[in-house]
Amino acid sequence: MQDLTERRNEEAREVRDLLAAKLKMHPIWLGGLDTQAARHIYLFIQALEGRKPFGRVRRQRAPNLTLD
Numbered sequence: 000m001q002d003l004t005e006r007r008n009e010e011a012r013e014v015r016d017l018l019a020a021k022l023k024m025h026p027i028w029l030g031g032l033d034t035q036a037a038r039h040i041y042l043f044i045q046a047l048e049g050r051k052p053f054g055r056v057r058r059q060r061a062p063n064l065t066l067d
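In numbering that gives the first Met the number 0, the protein residues as written are 0 to 67.
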């Protein structure tokens, strides 16, 4: 039982450290954050980083210039 608790605490520290590094802040500020919430936030940020900033970017045609 003690081993399981230690493993969970270690995992919680690792997740908090990863999230803190991603947010560029000290892990102490995330001390009260639930491990599950920290994991979800970290994965959400990673998913956002993998996406294109504006989804599909359409090419716009240049307006036709005419001499009047």
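Heads up, the beta-carbon is just placed ideally off N, CA and C, and yes, glycines get one too.
Under the rule that 16 or more other beta-carbon atoms within 10 Å means buried, what is residue i, buried or exposed?
i   : result
R15 : buried
A46 : exposed
A19 : buried
Could you give the first and the last residue of the continuous alpha helix (DSSP H) run that contains residue i?
i   : result
I40 : T34 to G49
K21 : Q1 to L22
Could you check how far apart the C-beta atoms of residue i and residue j are, in whole angstroms? I think they sit under 8 Å.
i   : j   : result
K23 : I44 : In fact, because the Cβ distance is near 11 Å, the residues do not count as touching under 8 Å.
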